[in-house]
Every structure is written in structure tokens, then in C-alpha cells.
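Residue numbers (my numbering), protein chains in the order written: chain V, 1192 to 1666; chain F, 42 to 371. Even glycine gets a Cβ: it sits at the ideal position worked out from N, Cα and C. Right, one structure below, let's go through it.
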């Protein structure tokens, strides 16, 4: 009837170098070791660039550069630091289209999301924390809160540039310097950010970017001259990091996994709840730590809601991430795809009913169709473990108390969503859910002014808002 | 199950073949109607606005755009509803409706022309056997502030003059006062007066203020026998908006499922550009579904839109924009 013709965003706007070094002390340098890694476009498996793998000696160089720069940066008046951060924010806005394309190429997320969600939020975070730089005395942490020193930051591949912004913006605003390690599958926007730091004339060494995989991250975290460790990623790695810094002076914030409940009551605005469910679990292919991966629906509307949800899922458009009409992009890596497959197969084996809309899958690249499991029990692995993919587990409940009990019955506690038109029930639920964020009649909404972080095994510390400053101040 | 005829409120009940049996009992009294309409799931304004905004980012290019432009032209209800309308003005508009672009015979005709009742005969004569339908507003358009007798007579006049579609307005005062039965009875009575003519029920969503009200008014109109539900008269601002149309499309989609009868949707007023029109088509495609992408089930009430569609169509064909003087003003 009305087929949307391909509407690809042009990739000519990005200039990817064949090979990247490390960004240390404001310069591109070659790694001391021989290590090289390749980053691929997950939608085509095409190699995008070769990236250096930083060893311990490289990390040491980066930390030393950051230490040296800390003297200059921390002594600078907040209003001066703010100028640099505002400048970075403006450059990000100016180069937003390029960065969005680069993010979609390297990560596989649809351009609609990188363009309309990631990049506006990235710029907003820098603008927001730039504003705090000269107002730290009024942040509620004493009359003259001091920075910590060198922050070692390790970020994930699901929102590469946004996670960089969450980490780098508050660190710089508070007067810290940074050694950042992007994820090995998505280093390109962080490397583009290094160029932006140069473009903004940021003093050398204030931001250092070292690429590599787990061992590079471990070296950053373990370096004795790092004062602060910030990590976003899996609970498994978070535990390793917590162990490695235990007993040291290092301050730590961890933002880890989740298995969020998205709770729909019978009086909810159903059409918008369906949108919220879709946004909760299929946004960014479900590669979201706070994804609403467990749908808890009141039994009295379960059938109606699931029918509506399935109808809606049939309209999702899976394919080329650079196509402006794509809703579901590629899975970030072969390893992640294997994990999603393994858990989905386990769901089926445990007796849950699996459903996906008719959805052609491209031949090349890593793809997983939007998938819904119904008849899921609390004891199933797909209701307990974080899948980190476009897979929704549907459970039902009868009463608000049961909804709370089921929602909280998880080792995680990052986020939750509640859908009801009844204000009193909303507040009753919000006060009982053990989750860092409770979304009210919405899901996956982010704002730099709002603190974000978890309960229980979802981590500790808060990022964003005034609270996010605390992680980068000696308080 | 109680049938509608037993209410004795639909005049020649036999003529109301489209009234929906599965929902007939809800119109038994104002309280049953109220219970039903207030029992519909709510609409969250923030969520509905966000969904409409997301769909309006769809990028419709090349072949899809070409297809969309022709479809949009075929869906236009070319409208003139001015106090200053004359037979001459209406005849000119009818000529345009049949051949929107006299230099290009591949341009399809629009769906219908929409005029005041006293000009229906002129339009019918001017359109002859062209296939373009004549729609007439009726029922004390645009305010709807008159007696039921006058509204029925207004409708009958238009139908007698040859209108094949009637665009009626609901009594917004009665609706906002919670007197749903009055609104229902008026729609049912006008439907009866329509005979074989199709009834479009204008909700005037700009005066209903909430999306919950839009949803309730949509269902009320459909239960009462509407063939189409239409956003606006064009005389109140805001007229058609994407989120309001989204809510109405959800209503017709759900009504088909519940009652087994398909109802059309017509946003009207404020749709001026091809870009706007395409956003509406995307909204239809991804809300009610492709089954509604047909002039029988979706219309665009507009006047200046047509020239923009023609301009974009020509641009697609030739690669160049012609100046506005190359498109007729009728």
C-alpha cells in the first residue's frame, strides 16, 4: 500500500580514519605495545577502523598526563572551566549530525535515536554541568568543595557518547581530570570527542582517551594514581571493579545492570502504555541497563494489552540503522547476539511462549527480531537475568501489592515504570518500588537535571543532577 | 440484546442500517452512555503527543513521496465554507476538483467538494458524472446551535439537493455538559435524515479540550451511526492536529474490532502543506493501518493544500519548482 522508500542518512558526513592512536595529553600517540583492535559496523560486519589497544604502560602515561593537568584544571576558577565545557557543548551541537551518523555506524542504533535522543542529551549534559562549574559552593556540599583528582572512567557500548557525557561533564565541571576508556566495540565517537576537546582548546591532559578491551579497563581502574573510578556496564564486571578498588582510597560509582518492571494497571491509558512498553524494551534494541524488560500487567487487561502490543510490534521497522525510518537497528556485536539467543532459547526451554512479528532479517550483520515471551514465571531465567536485547518477558499480577512484590523480587533495582491514571496508586507504588528511577506513565526518559542510579546490584552512586556532582567532589 | 429500534429515537429506524448492534444497549439512557464512554481507557496527553511527534519524523522520499502525493490528492475534500461563497466560486472550485492540474491529465481528481447546503445543487450540476462527490455541511454549521428540527431540515435540504455526503456538527455544549444522550439522538436523527448519504460527524475537537473527550466523542458518534468522524469545522482554532487525529484513528481501529463496523476519519482545517498531508498519511498507516489509506476511509478537509500538493508533484516530475502563478487559484 504505502511502502516507505529507503531514506538513508548520508554517511559522507563522517570522516573515519583507517587507524586511531591513543589520545594522551592532548596529542594522538601510538600505543607502546603492538595491540590493535578492529571496530566493525554491526549492521554490515564491515570493518570501520583499526583502534589501538592501550596496555598498562599506555594507561600510566595517560594517568600521568591527567595528574599533571589536574594542577592547572583544578586551580582554574569555575567560571573559566565552564567556558571550556560550554564550548564543548556547542561544538557537539554543531557537529551533532556527524556524531549521530558515527554513533549509528559504530553501535548499530537507529539514526532516529542517535539523532533525536543520544546527541541532544549529550549536548544537554555538557551544558547542564558547565552551568554548575562556578556554582559548586552552592551545591550543598560545603562552602568550597574540592575535586578528587584523576577520574578513571570505563563506559559501555550501548550509549557510547552519552555515557561519555554522563562521566566527563560532571568530572570536568568539578575540577577533575579524566582518563576514559570507551568500549572496545564502540570507540569511534569517543575518539571524535577527543578531536572536539582539541577544537575547544581544552588544556592538554584534562581529557585522555585510551582504547582497548577489558584489560585496558582493568589497568585504568587499578592504577594507583587514579582517585576516582566510575563505571557503567554489567554487574559482573562491576563486582570485579569493586573488588579491585576495595581497601584503596578510590571513590567509586557503579552503574550496573537491571531487570526493570514496567507495571501496567487496568485503568492505564492503554494506547500510551503500549507505546511505553515498546519504548521501554525495544528502544536501542533493548541495550539499555534500565530497559523495561519485565512487563507486569494486571490480569484483567492482560489479553487486551497483549493484543494491542503485538499489533503495535508488527509495525516496527527493523533494518539499516542509517535509514531515518528504522525503529530497530542492529545488535551491537556477535557476542551480545549470542547471549540474547542463549537466553531466549532458555526461555523457550523453560516453557514460556515465544512470539515475534513477521520481520525480515538482513543477511549480513547482527540482528534479533523484537521478541515477546508470555506465560513467564518469576522463576524463569528470562525473568531473572538481564538479557540486554529486544526481548520482553510478560508476567501478570492481580493486586497492587502483588505488583510491588514481583517488581522488587530481583537482585537489581535500577528503574521501574508504572502506568495508571490514578494518582494515589501511582504514589503508593512509587514509594514501595526499590528502584533508582520510577517512571510515571512514561519510560526511558532522561534529563541531565535528574539523578540516575540503582539500588541493590544495580550499583551505587548517582549520575546526573545536583546529586551527580557528589561523585566527583571530596565530600 | 436490546436493539436500537426499541429506543424509538432514530426516526425511521429501518434506515439506520449502520447502527451497531453489539453496542446498541449502551445508548439506552444517558447513564448507560456515560458509563460506557467514561469506561473507555484514558488518553495520556504527553504520550499521545510524543507518539504523534515521533511519527512525524518519518522520512517519506522518492517513490513513496510520489505515491503519497497522489493518494493525498485523491483524499482531499476541497472546501469552501465562506459567507461570501457564490455559485461562480463553487463552479470554479468544482472545475479544479475534477482536473486539479489542467496541464497534466495524470493528476487524479479529488475525493469531494465541500460546500454549504444552498450551493449543493450548483456543485452537483458542475461536477456532473465526474465521480467527484458533493459533501455539504449541515446542522447549523459551524456552531450547531439550533433545534433538532432545524438541523434535520438543514440535512434534508442538502440531501434533496443531491449531496452524497453530509458533514454535521455535534452539539458541543450538550457534550461538555455531559448530556451524551442528546448528542447521540441528534446524530442518529441526522443519520436517518441522510438516507443513503454518508454522514461525517464533526467533533470540533478544538472545543473539546481534552483527548479523553476526543476519544469519548469519537465513540459516541460511531455508536450513533457516523460513517466518518471529522476533527473540525475549520472555524475554530486549533483545528486538526496530529495527536487529535491519532486518538480518532485509534478509536476507529478499536471500534472496528469491538463493533465490527469500519468508520472513516477526516482531519480538517490547518492542513496546508504536502509535508503536513504526508504526516497524516503516515499516522493513518501506522495507527489504523493501511486498510484506511483510501479515500473511502480517510479524507483531508482542506483548500490551499491542493496547490501545494500539485506544486510538489510537479517538482517530483520535473525536478524544478514552478512559481505559484502556474497553479490556479480557484
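| query | result |
| --- | --- |
| Considering residue 1323 of chain V, what are the terminal residues of the alpha helix (DSSP H) in which it resides? | 1310–1323 |
| Kindly identify the DSSP beta-bridge partner or partners of residue 1423 of chain V. | V:1446 |
| Just the Cα atoms here: how many angstroms apart are residue 1277 of chain V and residue 1631 of chain V? | 32 Å |
| Name the chain V residues whose beta carbon is nearer than 9 Å to that of residue 326 of chain F? | 1192, 1193, 1195 and 1506 |
| If you drop the 5 nearest sequence neighbours on each side, which residues of the same chain put their C-beta closer than 6 Å to that of residue 132 of chain F? | 167 |
| State the CB to CB distance for the pair residue 1518 of chain V and residue 1199 of chain V, rounded to an integer number of angstroms; the pair is presumed to be in contact (CB under 8 Å). | Their Cβ separation, rounded to whole angstroms, is 15 Å, which puts residue 1518 of chain V and residue 1199 of chain V out of contact at 8 Å. |
| In three-state DSSP terms, what is residue 209 of chain F? | strand |
| Nearest-angstrom Cα distance between residue 227 of chain F and residue 296 of chain F? | 20 Å |
| So what does residue 1368 of chain V bridge to, in DSSP terms? | V:1341 |
| Cβ atoms of residue 1226 of chain V and residue 1244 of chain V: under 7 Å apart, would you say? | yes |
| Of all the residues that make up the segment 74–88 of chain F, which are near chain V by a beta-carbon distance shorter than 8 Å? | 82, 83, 84, 85, 87 and 88 |
| Which residue marks the beginning of the alpha helix (DSSP H) containing residue 1531 of chain V, and which one marks its end? | 1525–1540 |
| Compare the Cα-Cα distances from residue 254 of chain F to each of F:68, F:173 and F:75 and report the closest residue. | F:75 |
| For the alpha helix (DSSP H) that contains residue 1264 of chain V, what are its first and last residues? | 1247–1266 |
| For residue 114 of chain F and residue 67 of chain F, which I take to be in contact (beta-carbon distance under 8 Å), what is that distance rounded to the nearest angstrom? | That pair is no contact at about 38 Å. |
| Between the segment 1461–1473 of chain V and the segment 1621–1629 of chain V, can you find at least three pairs of beta-carbon atoms closer than 8 Å? | no |
| Checking the sheet assignment: what are the DSSP bridge partners for residue 201 of chain F? | Answer is none; residue 201 of chain F lacks a bridge partner. |
| What residue ranges within the segment 1548–1576 of chain V form continuous alpha helix (DSSP H) runs of no fewer than 4 residues, ordered along the chain? | 1572–1575 |
| What are the partner residues of residue 1399 of chain V, as DSSP defines its beta bridges? | V:1370 |
| Tell me, please, whether the segment 1234–1242 of chain V touches the segment 143–158 of chain F by the rule of three or more beta-carbon pairs shorter than 8 Å. | no |
| Taking CB distances under 7 Å as the criterion, tell me whether residue 358 of chain F reaches chain V. | no |
| Flag residue 1612 of chain V as yes if its beta-carbon sits less than 7 Å from any beta-carbon of chain F, otherwise no. | yes |
| From the DSSP output, read off the bridge partner residues of residue 1211 of chain V. | V:1242 |
| Which same chain residues end up closer than 7 Å to residue 111 of chain F when comparing Cβ atoms and leaving out the 5 residues on each side of it in sequence? | 149 |
| In whole angstroms, give me the CA-to-CA distance for residue 156 of chain F and residue 1317 of chain V. | 56 Å |
| Below 8 Å on the Cβ atoms is my contact criterion, and I expect residue 1175 of chain V with residue 1534 of chain V to pass it. Report the Cβ-Cβ distance as a whole number of Å. | Outside the shown range of chain V (1192 to 1666) lies residue 1175 of chain V, about which nothing can therefore be said. |
| Can you name the residues of chain V whose CB is closer than 8 Å to the CB of residue 322 of chain F? | 1193 |
| Quick one: what does DSSP say residue 1414 of chain V is sitting in, helix, strand or coil? | coil |
| Sorted by chain position, which residues of the same chain lie with C-beta nearer than 6 Å to residue 1423 of chain V's C-beta, five sequence neighbours on each side aside? | 1346, 1347, 1354 and 1446 |
| Buried or exposed for residue 1378 of chain V, please, with buried defined as at least 16 other CB atoms from any protein chain shown within 10 angstroms of its CB. | buried |
| Given residue 368 of chain F, which residues of its chain have a CB within under 7 Å of its CB, disregarding the five upstream and five downstream residues? | 348, 351 and 352 |
| Tell me whether the segment 1284–1291 of chain V and the segment 1322–1333 of chain V touch, counting them as touching only if at least three CB pairs, one residue from each stretch, are closer than 8 Å. | no |
| Starting from residue 1608 of chain V, follow its DSSP beta bridges and name the residues at the other end. | V:1453 and V:1630 |
| Does the beta carbon of residue 100 of chain F come closer than 7 Å to any beta carbon on chain V? | yes |
| What first and last residue would you give for the beta strand (DSSP E) that runs through residue 1133 of chain V? | With chain V covering 1192 to 1666 only, the question about residue 1133 of chain V has no answer from this structure. |
| Using a cut-off of 8 Å between C-beta atoms, extract the partners of residue 1326 of chain V located in chain F. | Ordered by position in chain F, no residue passes the 8 Å Cβ test against residue 1326 of chain V, which lies about 31 Å from the chain. |
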